[in-house]
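Report on one structure; see the data block that follows.
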Amino acid sequence: MFRNQYDTDVTTWSPTGRLFQVEYAMEAVKQGSAAIGLRSRSHVVLACVNKAQSELSSHQKKIFKVDDHIGVAIAGLTADGRVLSRYMRSESINHSFTYESPLPVGRLVVHLADKAQVCTQRSWKRPYGVGLLVGGLDESGAHLYYNCPSGNYFEYQAFAIGSRSQAAKTYLERRFESFGDSSREDLIKDAILAVRETLQGETLKSSLCTVSVLGVGEPFHFLDQETIQKVIDTFEKVPEEEEGEAEAAAPAEQGGGSGSGDQDVAPMEM
Amino acid sequence: MTFTIPIDNGDALKNSQRTLYPYVTGTSIVAIKYKDGVLMASDMGGSYGSTLRYKNIERVKAIGKHSLLGASGEISDFQEILRYLDELILNDNMWDDGNSLGPKEVHNYLTRVMYNRRNKFNPLWNTLVLGGVKNGESYLGMVSMIGVSFEDNHVATGFGNHLARPILRDEWHADLSFEDGVKLLEKCMRVLLYRDRSAINKLQIAKITEEGVTVSQPYSLKTFWEFQAFHNPTAGAQGSW
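For the protein sequence lines, the chains are E and R, in the order given.
Each residue of the first sequence is one higher than the one before, starting from 1 at the first, in the UniProt record's numbering.
Each residue of the second sequence is one higher than the one before, starting from 1 at the first, in the UniProt record's numbering.
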């Protein structure tokens with residue numbers, strides 16, 4: 001994607017019918033660190049890679065609880081993601097208050113998509129630079145949606161967004177047909193394995209990922225490090241030699257940037 | 001009960017539409033849960049003060065697929081509420097996504113509406129009964145004009161609270177059959193007919209089950225006026241009563 005005379009304004013069409021600002025916003029999503037979502041008929045698991053700005057800082061929070069029955073994982077401009085999460089929480093709680101009933105996730109994502117669309121049609125606004133994986137329940141069971149900066153939304157059995165998400169997607173594509181009937185435990189295991197795919201050889205440790213679960217009869221909550229590590233231990237036989245390799249690999253990965261285009265990761269993108 | 005509202009200059013312009021007293025009113029609604037859902041009974045009268053003016057008013061209406069709403073109190077306010085709910089159900093249906101508002105949701109929505117109107121000193125002068133069935137679960141609740149709201153196995157409004165509920169407390173039990181439920185409601189309505197001056201002998205009983213709503217055709221109850229006490233009402237009494 002190169003700079004051209006049609007990309008300054010979100011309200012300027014290109015002659016080939018594209019809105020470049022919107023597409024650039026979607027690029028921002030691709031630069032963020034990976035977020036993965038998968039669902040069975042009754043459960044949704046959201047997982048993400050914990051990326052920290054530097055070794056000195058803590059990692060950014062990328063998964064948010066919206067309500068007991070809805071969670072969201074973000075990739076891209078985390079600040080935009082937080083604002084949208086707050087909006088989702090607000091919509092959810094207002095519905096609960098008026099109707100004493102949980103807001104169906106399918107309706108929430110439409111509200112979210114419409115909100116994003118507004119930013120693609122006002123000259124004084126810019127699109128939200130964040131992709132959202134929204135997992136939640138409604139009357140027909142568990143659902144997973146992906147909301148785009150363009151204002152589009154899609155429903156998925158499983159999906160991954162952010163940098164090196166293609167590796168996770170390839171892994172998920174091989175298995176997604178069985179997810180519908182998966183048990184909760186298998187779903188969690190598949191999520192963590194998908195996260196591992198995005199790490200490209202780096203050893204998977206529980207400190208590197210955040211995993212959250214919600215389901216029918218199970219309110220949204222994060223899995224603690226111990227639980228995640230136990231799942232990792234079932235498939236990762238980690239001998240001590242690998243630790244040394246991981247240390248060497250990690251700084252190289254951080255410096256190398258994360259994906260196509262820009263050399264460094266912009267500070268606001270995580 | 002009258003509402004005394006402090007009058008300020010703005011009143012004439014802004015608030016001339018406030019409800020101060022009810023004009024055309026419906027009397028009691030009585031409703032019970034039974035084996036397959038909910039039964040609700042009301043008469044078809046609309047009183048204009050002490051005049052039994054309108055005799056064909058339907059005070060029980062179906063709301064969407066899963067609910068039944070009965071109202072006592074100001075009829076025009078009931079019609080207004082039906083318009084609100086119509087819009088609510090319409091928007092719910094337009095989503096076309098397999099989710100639908102059940103009786104619990106409608107009840108809570110109405111509670112919000114009634115309470116917020118009460119806070120603005122412009123109440124909808126009704127006591128509402130909301131019954132319904134969704135996913136096999138029966139629901140029966142009530143909201144008053146001041147926003148007091150609760151659920152129960154049997155509810156009644158107005159005079160029904162005083163005359164019908166004692167009967168229901170004694171004779172209601174879970175899993176009533178349809179026939180027993182109707183008999184119980186008719187017993188309550190008969191007492192109301194004898195003792196409530198705004199009741200008329202033309203009633204409807206509505207039923208809601210998982211399958212849907214049925215409102216009966218209007219019919220009347222058999223009454224008996226040959227009780228000895230009615231023949232010679234003052235026989236046992238000294239003095240005025």
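Beta carbons are placed, not taken as given, at the ideal position from N, Cα and C, and that holds for glycine.
The alpha helix (DSSP H) enclosing residue i, as first and last residue numbers
i       : result
N108(R) : P103 to N119
E55(E)  : From DSSP, E55(E) is part of no alpha helix (DSSP H); its letter is neither H nor E.
H231(R) : Q228 to H231
T223(R) : Note, T223(R): premise wrong, no alpha helix (DSSP H); not H, not E.
H66(R)  : No alpha helix (DSSP H) contains H66(R), which DSSP labels as neither H nor E.
G76(E)  : Note, G76(E): premise wrong, no alpha helix (DSSP H); beta strand (DSSP E) at I70 to G76.
T198(E) : R184 to T198
G181(R) : F178 to R195
Y84(R)  : I75 to W95
L168(R) : R165 to E171
Neighbour flag for residue i against chain E, beta carbons, 8 Å
i       : result
L20(R)  : no
G10(R)  : In this prediction, G10(R) scores a pLDDT of 48, lower than 50, which makes its location untrustworthy; the coordinate-derived value is nonetheless stated afterwards. For G10(R), the answer is no, since every Cβ of chain E falls outside 8 Å of its Cβ.
E105(R) : yes
N108(R) : yes
R112(R) : yes
G98(R)  : yes
W95(R)  : yes
L221(R) : no
Nearest candidate by alpha-carbon position, reference residue i, set the options
i       : options                               : result
V45(E)  : K51(E), H143(E) and R175(E)           : H143(E)
G181(R) : A206(R), W225(R) and S149(R)          : A206(R)
S216(R) : S28(R), Y23(R), T27(R) and L39(R)     : L39(R)
L128(R) : L101(R), N161(R) and F121(R)          : N161(R)
R164(E) : Y153(E), T198(E), L193(E) and G151(E) : T198(E)
T19(R)  : P123(R), L185(R), L52(R) and V213(R)  : P123(R)
S206(E) : I192(E), Q229(E) and L214(E)          : Q229(E)
V60(R)  : G70(R), Y54(R), T51(R) and W125(R)    : G70(R)
W95(R)  : S96(E), S85(E), T98(E) and R107(E)    : R107(E)
I208(R) : K120(R), E226(R), K187(R) and S138(R) : S138(R)
C188(R) : G46(R), H154(R) and L85(R)            : H154(R)
G215(E) : L187(E), G201(E), V195(E) and Q31(E)  : L187(E)
E100(E) : L168(R), V106(R), V148(R) and G98(R)  : V106(R)
G129(E) : Y6(E), V10(E), R3(E) and V211(E)      : V10(E)
W125(R) : Q17(R), Y21(R) and Q238(R)            : Y21(R)
Y219(R) : L203(R), H173(R) and R169(R)          : L203(R)
T78(E)  : R122(E), N4(E), I63(E) and D67(E)     : I63(E)
L133(E) : G81(E), S182(E), L208(E) and E226(E)  : G81(E)
Residue interval of the beta strand (DSSP E) (run including residue i)
i       : result
T25(R)  : V24 to G26
L39(R)  : G37 to D43
V134(R) : Note on residue identity: the sequence assigns Lys, not Val, to residue 134(R). Per DSSP, K134(R) belongs to the beta strand (DSSP E) from N126 to K134.
E177(E) : Run containing E177(E): none; DSSP gives neither H nor E here.
A31(R)  : I29 to Y34
Y54(R)  : T51 to Y54
8 Å Cβ cutoff, residue i in contact with chain R
i       : result
P104(E) : yes
S140(E) : yes
A246(E) : Reliability of the predicted coordinates at A246(E) is poor, the pLDDT of 43 falling under 50, and the value obtained from them is presented with this limitation in mind. No, A246(E) lies away from the interface with chain R (no Cβ there is under 8 Å from its Cβ).
Y145(E) : no
Y87(E)  : no
R107(E) : yes
E91(E)  : no
R3(E)   : no
S42(E)  : no
E155(E) : no
E100(E) : yes
E243(E) : Low confidence applies to E243(E): its pLDDT is 46, below 50, so where it sits in the model is not reliable enough to give any reading.
W13(E)  : no
G17(E)  : no
Test: residue i CB closer than 8 Å to a CB of chain A
i       : result
R196(E) : Looking at the structure shown, chain A is missing, and the protein chains on hand are E and R.
In DSSP terms, what residue i is bridged to
i       : result
Q204(R) : S42(R)
T214(R) : K207(R)
F222(E) : S212(E)
S138(R) : V133(R)
V155(R) : A31(R)
V143(R) : L128(R) and S149(R)
Y48(R)  : V24(R) and T51(R)
- request: Run through the segment 85-172 of chain E for me and flag every whole beta strand (DSSP E) of 3 or more residues, listed as ranges in chain order.
  value: Every beta strand (DSSP E) stretch that sits fully inside the segment 85-172 of chain E and reaches 3 residues is listed by chain position as 130-138, 141-147, 153-156 and 158-161.
field: Start-end ranges of the beta strand (DSSP E) lying completely within the segment 13-66 of chain E, minimum 3 residues
entry: Complete beta strand (DSSP E) runs here, min 3: 35-39 and 43-49.
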